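**Student:**
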Amino acid sequence: MKRRTLLAAAATTTLSGALTGALPARARAEERTKIVFWHAMTAALGAEVDRLVAAFNASQTEVEVTALYKGGYADVMTATIAAFRAGQAPHLAQIFEVGTGTMLAAGKAVKQVWELAQETGVPIKPESYIPSVRGYYSLPDGRMASAPFNSSTAITWINKDAFEKAGLDPSKPPATWQDVVAAARAVKEKNAAEMPMITSWPCWIQLEQYSALHNIPFATKADGFDGLDAELAINSKPHVKHIQRLLDMSKEGTFKYAGRDNVPDPLLLAGKAAIAFNSSGMRGDLIKSAKFAWAPAYLPYDPEIIASPLNSIIGGASLWPMTAPNRTAAEYKGAALFLQFLATPENAAAWHQHTGYVPVTLAGFELSEKQGFYKANAGADLPVRQLTRGTVTENSKGLRLGRLPEIRNIIQEEIEKALQGQQTAQQAMDTAVERGNKVLRDFQRSVKS
Amino acid sequence: MERRTLFEGWLLPVLLVLPQLALTGVFFLWPAAAAIRSSAMLEDPFGLGTQFVALQNFEALFADPLYVQTILRTVVFCAAVSALSMSVALGLAVFADRDIRGRVIYRTLVIWPYAVAPALAAVLWLFLLDPHIGLIGRALPRIGIAWDPRINGGQAFLMVVLASAWKQVSYNFIFFLAGLQSVPRSVTEAARLDGARGWRRFRTITFPLLAPTTFFLLIVNLVYAAFDTFGTIQALTQGGPAKATETLVVKVYRDGVVNVDLGSSAAQSVVLMAGVILLTALQFRFLGRRNTA
Amino acid sequence: MATLRLSGVRKSFGPTQVLQPIDLSLEDGELLVIVGASGCGKSTLLRMVAGLERPSAGRILLDGTDITDRDPAARDIAMVFQNYALYPHMSVFDNMAYGLRIRGLSRTEIARRVDETAGLLGLQALLQRKPRQLSGGQRQRVAMGRAIVREPKLFLFDEPLSNLDAALRVQMRGEIKRLQRRLGVTSLYVTHDQTEAMTLGDRLLVLHEGRMAQLDAPMTVFAEPADTYVARFIGAPAMNLLPAVLAGGAARTQAGPVLALDGAAAGLPEGAKLLIGVRPEHFAPAPNGFAGTVELVERLGSESVAHLRLADGTPLAVRLAGAAEMPETLTVAPMPGHLHVFDAETGKRAAASRRAAPAALPLEATGTGV
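Line order of the protein sequences matches chains Z, U and R.
For the first sequence, our numbering gives the first residue as 1, with consecutive numbering after it.
For the second sequence, our numbering gives the first residue as 1001, with consecutive numbering after it.
For the third sequence, our numbering gives the first residue as 2001, with consecutive numbering after it.
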């Protein structure tokens, strides 16, 4: 089977040049418009993508979507860029949120969603998406650049067993950072968990989310939305105060720094920590493998900075329509139809319920509620509620910075250095800003060229 | 006697050499040329606007003290990995070269790690050295060693050196064993009769005779440590904490693949390429000299 | 300079016995050549003396001191290897100085000794060269020099000339003999080459399948080989062995002629099976005697070797002076006093056959095939 396909493919490749003009008309009439969709979803998530694609292909006869797993997020992005440069870009690419800045600067390589909708006449309405989700992927004037797909946000995961052991009430998770410090101390005192507090994604959660919640800028120019000349603003007093808090906690043993990005995840799943900051998307894994009682909680805030916290921001990825030479109107329309299909309430709700990502449309959220999903799954609506609380400000829309992965990396490096005792919190943040700004200027220079 | 086949005409020879030339061209020369070209350009990821900037990318690189630090760190890392993996392998090979019971089993066991994929090897080392889940990592604090490579840069460096070196021991072992077995037995016997024992005999006779093997392995190990350890480092520390384990390839990967900073990563690739060319030239020169002598 | 004594030295690898117990002693300054076909155990014997192999049993005494369990490094023995085993990464000087440095000699003493030895061997001009820059003969000399410079108690030579071409071999053979005499170092010399064995040794030890076949002065071994193996191994072309039966004090050969033994077979019963040994050069054309078809003639210039086949199928080699034309058939008879009598059952020389038997003229020609 496989060999035949390969042979056929080889034959096609060799002969296509000679035969394109001579292809029988019959074959063309039978062919549906082919749409290629590159993604980074593995295992259960990949299966869910395949299910949605199959459902779409079965729902109509015009378009046929082929979903291809292209590796991790970074791989998909690199592959997409390489493919575009070779004139072979996929119709749709799933790009992680930190790549948004790069994609927005991609000019004619991308057909932004608003433009796609306009050209093809397929309605893809921004209003139907949850504001804090769509905000991340929209232009300053509200036009949507890419279609939200898989989004999660950061929340607090409580180890209820450890809380009880420490004499804390697991039904009242710490709401403020002051509460968190007190709870972590109690855990340490009672030795109720190996680690009182850990955090995954140190930069995303402890700085990006922290900035949004407290309505303080992560970067100037409305977190970069208003121009490429944005500069990092994370050496402000409230930021430094928070980093100092983490340093202090680390010193007294109430916070355990367990690595960058998702490296600390296994510690959460193994129940080693009483308080763990992580993605809301960990829910599925917790259900599957946690051998302890757990509960989601809102991210803590500092009442000395803000009386009531704003919405959190998202992470995850969105779908970007790509251009290529010779791409036909029918193909763009096919891509638009698929995006429209994904955003229907049924599909948005199903995706949310099956994967643990937040529903990206309001209708999908409401449908899930109507279907009783949140009654059956206590706390599953907490991420959405955190994402939708308050009014989105320019500090809580998300980040619009080029080379954000590198900036995250720099910030993590500087925090690590501070944790090693090599520098103070203020020094760490000052250096991070200085190094980060250099990356931003490089990016600005490269896209302006 | 030299065997030589003569071809009539030029078509057949050209056809026979063509695949090799094509492979070299497509998989070596073309990418290398593309990297050199990109290193002189300032361009956005999608190649929509490209601007010739001559050596600016290189200037920026070497003006960055962090990059220079990364070069130095890479040199130390390569030296540490090569020294460790080669000395351990040599020790094991010397034992395996002796007439000991169970030699075949012993050799097979030593060769095993080479078959382990880098990422998997890294996972194995995590299971050993992770401060929270690792067998050794959890035991160390109990004997009074504050082991935490997530924050302690020196320990993280030690960890990636150990894991990277371990992976290469098998390879070195095979070559050292072959090298030891090609040392004429009578020469070591002559040294024994001359009164040289144990370590002295090894130092003055065996080791100098292994020099070609050692030099070859040194180059291979340096190149390995510079390039093939990416998977191990990425899986173990991602270059952290701070920059403690960031080597040049880790940085190229991050700048090129994650940040799509093509100009800079191309310039870094060219720097790396220059390093490999230098090492290879050294090796050719050394081996060439030996062969003509 | 010392004496060497081996008593009951034996070696087996697993169940395979490669050396039967060997008892041997060398006088001070003596050169003993051990000769035998490959696989006879001669190299193993040498390596045991060197300490490179452990004997399975027995003791080795050097100058009266038991060195059986001593490391080779502590034996004060030098060895010249078949492939020279020079240290390829060291200059000639360093090759020779290596053992002296290990013994902690002073720099000036080392230079003096190496220079002296190099002078002895004509190596002065080569001292700074590496072994790969030397010819085979030069390497051989360096190997010798490396042994000599140490002034050891004992020299061991393991087929040191077998990698040289014929002319060089003859030259080096002489040189080794000369040096050994001059230095007077007790030496064991292993070879498979009978010419080397005959010309070099004060005494000769013939090893056969791990057993001492004969230990004697070279000329004794030649003149009175102890058994049929030695008889055929020493001397070229090999000694002819004629099957015969003892009949009335004479040997009735299978080929026909009856040879008078003159008591050489005394002690053997009437009718005993014998092998009568006659060297090719001890045959001469004669009217009566062994008649055979000439199958092959090797003309060596000053002499010719004719290979005959007797009527009963026994091959016979005959050495004749000059390069005369050969007839198709030839009749030869052994010269007087040159018969060797061996017991066909044991292969051993008949006890009474001390010197070659006297008169050996055929008494009668009853051969069937003449």
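Yeah, the Cβ is synthetic: ideal placement off N, Cα and C, and Gly gets one too.
If you're wondering where the values come from, they're calculated on a predicted model, not measured in any experiment.
Do ALA274 (chain Z) and ASN159 (chain Z) count as a contact pair if the criterion is CB distance below 8 Å?
**Tutor:** Between ASN159 (chain Z) and ALA274 (chain Z), the C-beta spacing is below 8 Å.
**Student:** Kindly say whether LEU1042 (chain U), judged by its beta-carbon, lies nearer than 8 Å to any beta-carbon of chain Z.
**Tutor:** In terms of beta-carbon proximity, LEU1042 (chain U) lines the interface with chain Z, with at least one pair separated by less than 8 Å.
**Student:** For TRP1112 (chain U), which of helix, strand or coil comes out of DSSP?
**Tutor:** helix
**Student:** Give me the DSSP bridge partner(s) of TYR69 (chain Z).
**Tutor:** Z:HIS39
**Student:** Closer than 8 Å between beta carbons: that is the criterion. Which residues of the segment 1176-1201 of chain U meet it against chain R?
**Tutor:** Of all residues in the segment 1176-1201 of chain U, only PRO1184, SER1186, VAL1187, GLU1189, ALA1190, ALA1191, ARG1192, LEU1193, ASP1194, GLY1195, ALA1196, ARG1197, ARG1200 place a beta-carbon less than 8 Å from a beta-carbon of chain R.
**Student:** How would you label ILE410 (chain Z), buried or exposed, when you count the other beta carbons within 10 angstroms and need 16 or more for buried?
**Tutor:** buried
**Student:** Under 9 Å between beta-carbons, which chain R residues line up against PRO1212 (chain U)? List them in chain order, please.
**Tutor:** By Cβ distance, chain R contributes nothing, its closest Cβ being about 11 Å from PRO1212 (chain U), past 9 Å.
**Student:** What are the start and end residues of each continuous beta strand (DSSP E) run of 3 or more residues lying completely inside the segment 223-290 of chain Z, in chain order?
**Tutor:** 273-279
**Student:** Can you tell me the Cβ-Cβ gap for ALA154 (chain Z) and VAL187 (chain Z), rounded? I've got them flagged as a contact below 8 Å.
**Tutor:** Between VAL187 (chain Z) and ALA154 (chain Z) the Cβ distance is about 21 Å, and since that is not below 8 Å, they are no contact.
**Student:** Output the distance between the C-alpha atoms of LEU92 (chain Z) and THR393 (chain Z), rounded to the nearest integer angstrom.
**Tutor:** Taking the straight line joining both Cα atoms gives about 30 Å.
**Student:** Determine the DSSP secondary structure at GLU2303 (chain R), reduced to helix, strand or coil.
**Tutor:** The three-state reading of DSSP puts GLU2303 (chain R) in strand, counting E and B together.
**Student:** Give the DSSP-derived three-state secondary structure of ASN57 (chain Z) in the structure shown.
**Tutor:** helix
**Student:** Could you name the residues that DSSP lists as bridge partners for GLU1059 (chain U)?
**Tutor:** Beta-bridge analysis with DSSP links GLU1059 (chain U) to no other residue.
**Student:** From ASP442 (chain Z) to ALA40 (chain Z), what distance separates their C-alpha atoms?
**Tutor:** 28 Å
**Student:** To the nearest whole angstrom, what separates the beta carbons of LEU2004 (chain R) and LEU2154 (chain R), a pair I think is in contact under 8 Å?
**Tutor:** 6 Å
**Student:** Taking 6 Å as the limit between beta carbons, can you name the residues of its chain near ASP1261 (chain U), skipping five residues before and five after?
**Tutor:** ASP1255
**Student:** Starting from the C-beta of GLN1283 (chain U), find all residues in its chain whose C-beta is less than 6 Å away, skip the five residues before and the five after it, and write them out in chain order.
**Tutor:** ILE1219
**Student:** Can you tell me which of the three DSSP states GLU434 (chain Z) falls into?
**Tutor:** helix
**Student:** Give me the Cα-Cα distance between LYS241 (chain Z) and PHE1215 (chain U), rounded to the nearest whole angstrom.
**Tutor:** So the two alpha carbons sit approximately 54 Å from each other.
**Student:** Please list, in chain order, all residues of the same chain as MET2198 (chain R) whose beta carbon is under 6 Å from its beta carbon, the five residues on each side excluded.
**Tutor:** PRO2218
**Student:** Sort out for me which residues DSSP pairs LEU2024 (chain R) with in a bridge.
**Tutor:** R:LEU2006
**Student:** Kindly identify the DSSP beta-bridge partner or partners of HIS2340 (chain R).
**Tutor:** R:GLY2277
**Student:** Please compile the residues from chain R whose C-beta is within a distance smaller than 9 Å of the C-beta of LEU1209 (chain U).
**Tutor:** TYR2087, PRO2088, HIS2089
**Student:** Just the Cα atoms here: how many angstroms apart are ILE1205 (chain U) and LEU2086 (chain R)?
**Tutor:** 11 Å
**Student:** Helix, strand or coil: how does DSSP classify PHE1052 (chain U) here?
**Tutor:** strand
**Student:** Going by other Cβ atoms of all chains shown within 10 Å of its Cβ, with 16 needed for buried, is SER171 (chain Z) buried or exposed?
**Tutor:** exposed
**Student:** What residues match up with ILE2077 (chain R) in a beta bridge as DSSP calls it?
**Tutor:** In the DSSP output, where bridge partners are listed per residue, ILE2077 (chain R) has R:LEU2154.
**Student:** With distance defined between alpha-carbon atoms, name the residue in R:LEU2275, R:LEU2120, R:PRO2327 nearest to THR2314 (chain R).
**Tutor:** Closest by alpha carbon: R:LEU2275.
**Student:** Taking the alpha carbon of VAL98 (chain Z) as the point to measure from, which residue in Z:ASP261, Z:VAL65, Z:LYS221, Z:ASN215 has its own alpha carbon closest?
**Tutor:** Z:ASP261
**Student:** Between GLU2295 (chain R) and SER2304 (chain R), which are expected to be in contact by the criterion C-beta below 8 Å, what is the C-beta distance as a whole number of angstroms?
**Tutor:** At roughly 13 Å, the Cβ-Cβ gap does not stay under 8 Å, so GLU2295 (chain R) and SER2304 (chain R) are not in contact.
**Student:** So which residues on chain Z does ASN1259 (chain U) lean against when the C-beta distance must stay under 7 Å?
**Tutor:** Around ASN1259 (chain U), the beta-carbon contacts reaching into chain Z at under 7 Å are ARG403, PRO405, GLU406.
**Student:** Does LYS1167 (chain U) have its Cβ less than 8 Å from a Cβ in chain Z?
**Tutor:** Against chain Z, the CB of LYS1167 (chain U) has no partner CB under 8 Å away; the residue lies outside that interface.
**Student:** Would DSSP call SER1129 (chain U) helix, strand or coil?
**Tutor:** This sequence places Leu at residue 1129 (chain U); Ser is not what is there. Helix at LEU1129 (chain U).
**Student:** Does the separation of the CB atoms of THR1070 (chain U) and LYS1243 (chain U) fall below 8 Å?
**Tutor:** Their beta carbons are under 8 Å apart, which means THR1070 (chain U) touches LYS1243 (chain U) by this criterion.
**Student:** Based on Cα-Cα distance, which residue from Z:ALA145, Z:ALA162, Z:SER318 lies nearest to TYR73 (chain Z)?
**Tutor:** Z:SER318
**Student:** For ASN2240 (chain R) and chain U, any beta-carbon pair shorter than 8 Å?
**Tutor:** no
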